[in-house]
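Trainee: Before I ask anything, let me first share the structure, which is written out below as structure tokens.
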Amino acid sequence: MWARALAYGKFGGPEVLELIKVWTPEPGPGQVRVKVRTGGLNPIDGKLRAGVFSGGLPVLTPARLGSEFAGVVESVGEGVDEFAAGDEVIGIVPERSGHAEALISPAEFLAPRPQSVSWAASSAISAGGMTAYGALGEIDIQTGDTVIIHGASGAVGTIAVQLARLWGADTVIGTASEENHDYLREIGAVPVSYGPGLRERLSAVVPDGRPVKMLDAAGREAVADSIGFVTNPASDVISLLPFVDEEFGVKFNILRYDGDVLRAVAALVADGSITVREPTVFGFDEPAKAHELLDTGHTHGKVVYEIG
Ligand SMILES: NC(=O)c1ccc[n+]([C@@H]2O[C@H](COP(=O)([O-])OP(=O)(O)OC[C@H]3O[C@@H](n4cnc5c(N)ncnc54)[C@H](OP(=O)(O)O)[C@@H]3O)[C@@H](O)[C@H]2O)c1
Numbered sequence: 178m179w180a181r182a183l184a185y186g187k188f189g190g191p192e193v194l195e196l197i198k199v200w201t202p203e204p205g206p207g208q209v210r211v212k213v214r215t216g217g218l219n220p221i222d223g224k225l226r227a228g229v230f231s232g233g234l235p236v237l238t239p240a241r242l243g244s245e246f247a248g249v250v251e252s253v254g255e256g257v258d259e260f261a262a263g264d265e266v267i268g269i270v271p272e273r274s275g276h277a278e279a280l281i282s283p284a285e286f287l288a289p290r291p292q293s294v295s296w297a298a299s300s301a302i303s304a305g306g307m308t309a310y311g312a313l314g315e316i317d318i319q320t321g322d323t324v325i326i327h328g329a330s331g332a333v334g335t336i337a338v339q340l341a342r343l344w345g346a347d348t349v350i351g352t353a354s355e356e357n358h359d360y361l362r363e364i365g366a367v368p369v370s371y372g373p374g375l376r377e378r379l380s381a382v383v384p385d386g387r388p389v390k391m392l393d394a395a396g397r398e399a400v401a402d403s404i405g406f407v408t409n410p411a412s413d414v415i416s417l418l419p420f421v422d423e424e425f426g427v428k429f430n431i432l433r434y435d436g437d438v439l440r441a442v443a444a445l446v447a448d449g450s451i452t453v454r455e456p457t458v459f460g461f462d463e464p465a466k467a468h469e470l471l472d473t474g475h476t477h478g479k480v481v482y483e484i485g
């Protein structure tokens, strides 16, 4: 079937985005064809469109965008028993074909759509959830830990705060701008503003005598001001941003596609253990508007396309 899909033919600002027609084939063995309802945006979508990772080379053929989505299963390929036509699913496609009216996904990277949240919110948990789950797993959260989460009001951070609490952290301190402090309190974090004076503000809230661990979803300035609170940075700090690991001798984490983790996060959302902030929704006909908000870096909740 033919479907409209988001693409860009050259690197640049949101204005380079265009909708193209792509052919979506029948699903092969182990695959599922999904009619997409909503698609979540992530910072990487804006960075790819802007050519941050292009090394100065041009775009040769229109490049597709988008990884996370929510939709309805249309058909399944050979060997797929866990999903059937009509099932509501969420997922994440590794090859960036997610922002389209239809897509092919490996069945292993799908989870049942949590019915407790809206279509928009359910397309906004796969990437942040899998990243938060994987990164926090690397710093081995234990009961009684203090955890500092930089970028706590973002897609990764909001799920990381809630997971850290669920996994036993006693105190979760989250850095975010002031507008997001009430929301951070709601999900169980002690909010702290980032920027000049961060070290002093952290000193006022980091409890004495307990191990401090850290997840960085913000960047080097935040880590520079807070690494002194961690006794064992090499094992207890994980950054999602490039170069922070080399500069501070901490771990680096890259999103690993893991269907079991996706289904675990989806189940926690479905039973209300993790809450999801209602995203800002844009129509698929005007794709640049969503990227304009994404590019600000302060979206206050996720940005989502309503696609079909
Ligand atoms: N390595 C990986 O595999 C991987 C995976 C996912 C994400 N990431 C990266 O991790 C980062 C966060 O991703 P996300 O999806 O959570 O993004 P997001 O939803 O856009 O959230 C960004 C967060 O950063 C905060 N922030 C903005 N400027 C800041 C500053 N100067 N200092 C400290 N915090 C600041 C924002 O706070 P306010 O809005 O409150 O100002 C918000 O909490 C992005 O850079 C993304 O590319 C990496």
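Letter by letter, the sequence shown follows residues 178 to 485 in the numbering used here.
Think of the CB as a built atom: it goes at the ideal place given N, C-alpha and C, for glycine as much as any other residue.
(1) Could you tell me the alpha carbon to alpha carbon distance between D385 and V446, rounded to whole angstroms?
(2) Is K479 near ligand 1, going by C-beta to nearest heavy atom under 8 Å?
(3) Quick check on the DSSP output: the alpha helix (DSSP H) that includes V400 runs from which residue to which?
(4) Start and end of the alpha helix (DSSP H) containing V367?
(5) Pick out the complete alpha helix (DSSP H) segments inside the region 246 to 314, 4 residues or longer, and give them in chain order.
(6) Quick one, are the C-beta atoms of A123 and I269 less than 9 Å apart?
(7) So the candidates are A297, I484, I325; which of them puts its Cα closest to the Cα of A388?
(8) Does any heavy atom of ligand 1 sit closer than 8 Å to the C-beta of H327?
(9) According to DSSP, L196 sits in a beta bridge with which residue or residues?
(10) Does the distance between the C-beta of K224 and the nearest non-hydrogen atom of ligand 1 fall short of 8 Å?
(11) Take the Cβ of K187 as the centre, count every other Cβ of all protein chains shown within 10 Å, and call the residue buried at 16 or more, exposed below.
(12) Of the residues V400, A288, R273, which one's Cα is nearest the Cα of L218?
(13) Could you check how far apart the C-beta atoms of A182 and L196 are, in whole angstroms? I think they sit under 8 Å.
(14) Could you tell me whether the Cβ of G248 comes closer than 9 Å to any Cβ of chain C?
(15) Given the structure, does A447 come close to ligand 1, in the sense that its CB is under 8 Å from one of the ligand's heavy atoms?
(16) Buried or exposed, going by whether 16 or more other CB atoms sit within 10 Å of the CB of T308?
(17) Quick check: is any heavy atom of ligand 1 less than 8 Å from the C-beta of S354?
(18) Assign P204 to one of two classes, buried (16 or more other C-beta atoms within 10 Å of its C-beta) or exposed (fewer than that).
(19) How long is the line joining the alpha carbons of I318 and A346, rounded to whole angstroms?
Mentor: Looking at the coordinates:
(1) V446 has its alpha-carbon roughly 33 Å from the corresponding atom of D385.
(2) For ligand 1, at least one heavy atom lies less than 8 Å from the Cβ of K479.
(3) Where V400 is concerned, the enclosing alpha helix (DSSP H) stretches over 397 to 403.
(4) Run containing V367: none in the alpha helix (DSSP H); it sits in the beta strand (DSSP E), 367 to 369.
(5) Segments of the alpha helix (DSSP H) lying fully in the region 246 to 314: 296 to 299.
(6) An answer regarding residue 123 cannot be provided, because it is not within the stretch 178 to 485 covered by the chain.
(7) Reading off the sequence shown, one finds Pro at residue 388, where the question assumed Ala. For the residues A297, I484, I325, the minimum Cα distance to P388 belongs to I325.
(8) Answer for H327: yes, Cβ within range of ligand 1.
(9) In DSSP, L196 forms a bridge with L183.
(10) Between ligand 1 and the CB of K224, the shortest heavy atom gap is smaller than 8 Å.
(11) With fewer than 16 Cβ atoms within 10 Å of its Cβ, K187 is classed as exposed.
(12) Nearest option by C-alpha distance: R273.
(13) About 7 Å; that satisfies the 8 Å criterion.
(14) This model lacks chain C altogether, as it is built from one protein chain only.
(15) Result no, Cβ not under 8 Å from ligand 1.
(16) Within 10 angstroms of the beta-carbon of T308 lie 16 or more other beta-carbons, which makes it buried.
(17) Checking every heavy atom of ligand 1 against the Cβ of S354, one is found closer than 8 Å.
(18) Its Cβ being crowded by 16 or more others within 10 Å, P204 is buried.
(19) Roughly 7 Å separates the two Cα atoms.
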